[in-house]
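Sequential numbering of the sequence shown, starting at 721, is according to my numbering.
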Amino acid sequence: MCVEATPPPSSKLTRRGVLAGAAALAGTMAAAGQATAAVGDRGAASGRRAPGGAAGGGHLVIQGGTLLDPATGEVTENAVVVIGDGIVRAAGRRGGVAVPQGVEVLDAHGRWILPGLVDAHIHLSTAAEARDAVRRGATSARSGSTSFYQDIAVRELARHSPALAPRLKAAGVFVTPNLGDTVLADPDLTPLARLKDGVRSAEALRRVVEVNLARGADVIKTRVNERAGLPEQDPLAQVYSREQLAEIVAAARRRGKGVLCHSYSEQGCHDAVMAGIRSLEHGAFVGERTLREMRRRGTYFTPTLTAIAGLAESSDPILAERGRTYLPVLKRAVLAAHELGVPLAAGTDSSGGVVHPIGGEVELMHSAGLSPLDAIRTATTGAARLLALTRTTGRLTRGSTGDALLLPGDPLTDLTVLKRPVAVVRAGVLAA
């Protein structure tokens, strides 16, 4: 049975309708309403336009700290960063930057100032998770998919109330052989429940991609291997062929979108890269031939070391052994990728209500052999390139988005400070 005769996704089920349902699941409607009321009260009390609303970000001056530019490695002491309407208007040494009058000042003396970090692989299904991600330093992110389009609602929450959610590239629902209850996410997916072999035919694969894009997904997420986090699955077992992955990539490219691919086995990683994916996720057993192909193609590697390290601490003996086995192999792959010039992006693969600090992934990148600055780049300039946000994200320079972290110490000598920011600024608004 196939879905070849099924018409294109219905225009009657609008993106607005999907957002309303997803927002209810994610709890973002209540969060946005509370934020609007609170910001409105502050704006009325101060007599100034409320920051962080739909019209733009906030106004803030960060003053007195040590500013690090990850792109160049330049360090500026006694720095000033001026943010207006959520955008960096000026940044540099104090005395050389004009500070506007009447704008809130955040004292950064004794602190280091970094651009907000990017988590390039995270699963955000609720407003609480989105807010926690910001508090932990991830001011921008890329979704690794959700079951019912909640990430699309979180993306809209971020646009409306930036302090409550990271700027997000949404992936919608997973392109996977067994959709399970995800067929209930959209009436245009329900015909796929009749398929005996699941989502495997070219028509079915294209269908899931098309529905995702019709509902507003920014990227497409698929897999080539089974999951590592389920003891009953074999993460080296391949579920899609190179040809099937190529169908997914082609369907996404027709709408100008890229594909991120969950992968573990050497052959699976190679098939995914040869099929044309934009980024390889996890990739513990990626081989040298594949890494060289990734460098040639500009394919990104998002190893999610945090997730694999987490397996090693599992109470399940199968998962714990899997994590202990995979982690050193993955670290060697990360170092090999870096030395070959494969672009790396940091991602925690946080899910299930637990949001890990993206700073921990940077620390693990360093433990794999990257220098502190190169490790920081995987969560700033490097990840920003993957998300096509280089003009606005990953640096605190004129024209960048006003996302910043205040850290208690020098991250170039102690990367653990990235896990405990003293303050997080999102689009010029201090995250509570």
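In this text, a Cβ means the ideal position worked out from N, Cα and C, and glycines have one as well. Source: prediction; values computed, not measured.
DSSP beta-bridge partners of Gln-958: Looking at the DSSP output, Gln-958 bridges to Asn-945.
Quick check: the Cα distance between Gly-772 and Arg-879, rounded to an integer number of angstroms? In this prediction, Gly-772 has a pLDDT of 35, which is less than 50 and means its spatial position is unreliable; what the coordinates show is noted afterwards. About 9 Å.
Per-residue DSSP class, three states only, for Lys-977: In this structure, Lys-977 counts as coil in the three-state DSSP scheme.
Is the separation between the beta-carbon of Ala-971 and that of Val-979 shorter than 7 Å? Contact check for Ala-971 against Val-979 fails: the beta carbons are separated by 7 Å or more.
Tell whether a beta-carbon distance below 7 Å holds between Pro-790 and Arg-1052. Not a contact, by the Cβ cut-off of 7 Å.
Out of His-829, Ala-848, Ser-1034, which has the shortest C-alpha to C-alpha gap to Ala-948? When only C-alpha atoms are compared, the closest one is Ser-1034.
Exposure label - Glu-849; buried when at least 16 CB within 10 Å: So Glu-849 ends up on the buried side.
Limits of the unbroken alpha helix (DSSP H) element including Asp-1094: Looking at the DSSP string, the run of the alpha helix (DSSP H) that includes Asp-1094 is 1092-1097.
Quick one: residues in its chain with C-beta nearer than 8 Å to the C-beta of Pro-1037, no 5 flanking neighbours on either side, listed in chain order? Here the set comprises nothing.
Three-state secondary structure assigned by DSSP to Gly-1102: DSSP places Gly-1102 within a helical segment (H, G or I) once states are collapsed to three.
Looking only at C-alpha atoms, which of Lys-1139, Leu-933, Val-931, Arg-1146 sits nearest to Thr-1068? Of the listed residues, the one whose Cα sits closest to Thr-1068 is Lys-1139.
State buried or exposed for Gly-1148, treating a residue as buried only when at least 16 other CB atoms are found within 10 Å of its CB. Buried, by the Cβ-count rule.
Note down, one range per segment and in chain order, each beta strand (DSSP E) of at least 3 residues found wholly within the region 822-884. If we require 3 residues or more, the beta strand (DSSP E) runs fully inside the region 822-884 come out as 825-827, 832-835, 837-842, 858-863.
For Val-759 and Asp-805, what's the separation of their Cα atoms in angstroms? Only weak support is given to the placement of Val-759: the predicted model assigns it a pLDDT of 43, under 50, and the value that follows is read from those uncertain coordinates. Using only the alpha carbons, I get a separation of about 15 Å.
For Asp-1134, count the other beta carbons within 10 Å of its own beta carbon; 16 or more makes it buried, fewer makes it exposed. Which is it? So Asp-1134 ends up on the exposed side.
Drop a sphere of 10 angstroms on the beta-carbon of Pro-820, count the other beta-carbons inside from all chains shown, and report buried for 16 or more, exposed for fewer. It counts as exposed.
Three-state class that DSSP yields for Leu-1000 in the structure shown: Secondary structure of Leu-1000 (DSSP, three-state): strand.
Per-residue DSSP class, three states only, for Ala-757: With a pLDDT of 47 at Ala-757, under the threshold of 50, the modelled position of this residue cannot be trusted; read the value that follows with caution. Residue state, collapsed to three classes: helix.
Length of the line joining the Cα atoms of Gly-1061 and Pro-911: Spanning the alpha carbons of Gly-1061 and Pro-911 requires a straight line of approximately 44 Å.
When the Cα of Pro-835 is compared with those of Thr-846, Gly-822, Ser-860, which residue comes out closest? With distances taken between Cα atoms, Pro-835 lies closest to Ser-860.
Near Arg-887, what residues of its chain come up, given a Cβ to Cβ distance below 6 Å and the 5 sequence neighbours on each side ignored? For Arg-887, where only same-chain residues beyond five positions count, the Cβ hits under 6 Å are Ser-860, Ala-878.
According to DSSP, is Leu-1011 helix, strand or coil? Reduced to three states, the DSSP call for Leu-1011 is helix.
Local conformation of Lys-916 per DSSP, three classes: In the structure shown, Lys-916 sits in coil (DSSP, three-state: anything other than H, G, I, E or B).
Tell me the rounded alpha-carbon separation between Leu-1127 and Glu-794. In this structure, the CA atom of Leu-1127 is about 17 Å from the CA atom of Glu-794.
Report yes if the C-beta distance between Ala-937 and Ala-992 is below 7 Å; otherwise report no. If you check the CB distance, Ala-937 and Ala-992 do not come in under 7 Å.
Report the residue from Ile-807, His-1058, Val-801, Thr-786 whose alpha carbon sits nearest the alpha carbon of Gly-1119. Per the Cα distances, Ile-807.
My assumption, with CB atoms under 8 Å, is that Ala-1065 sits in contact with Ala-1103. Please give the rounded CB distance. With a Cβ gap of about 4 Å, Ala-1065 and Ala-1103 count as contacting.
CA-to-CA distance, Asn-945 to Ser-985, given in whole angstroms: Inter-residue distance for Ser-985 and Asn-945 is about 7 Å (C-alpha atoms, whole angstroms).
Going by DSSP, which residues form a beta bridge with Ser-1071? Listed as beta-bridge partners of Ser-1071 by DSSP are Val-1074.
Excluding the 5 residues flanking Leu-1150 on each side, which residues of the same chain have their C-beta closer than 6 Å to its C-beta? Nothing meets the Cβ criterion.
Which two residues bound the contiguous alpha helix (DSSP H) that contains Lys-1139? No alpha helix (DSSP H) contains Lys-1139, which DSSP labels as neither H nor E.
Quick check: Leu-1055 and Ile-1028, are their CB atoms within less than 7 Å of each other? Contact flag unset, no.
Could you check which residue in Thr-1136, Gly-1122, Arg-1146 has the C-alpha nearest to that of Arg-809? Nearest C-alpha to Arg-809: Gly-1122.
Helix, strand or coil: which one does DSSP assign to Ala-1066? Three-state DSSP puts Ala-1066 in coil, outside helix and strand.
For the region 826-843 against the region 1102-1117, are there 3 or more C-beta pairs whose distance is under 8 Å? Result yes; three or more Cβ-Cβ pairs closer than 8 Å.
CB-CB under 6 Å to Ala-1152, same chain, minus the five flanking residues each way: which ones, in chain order? Around Ala-1152: no qualifying Cβ.
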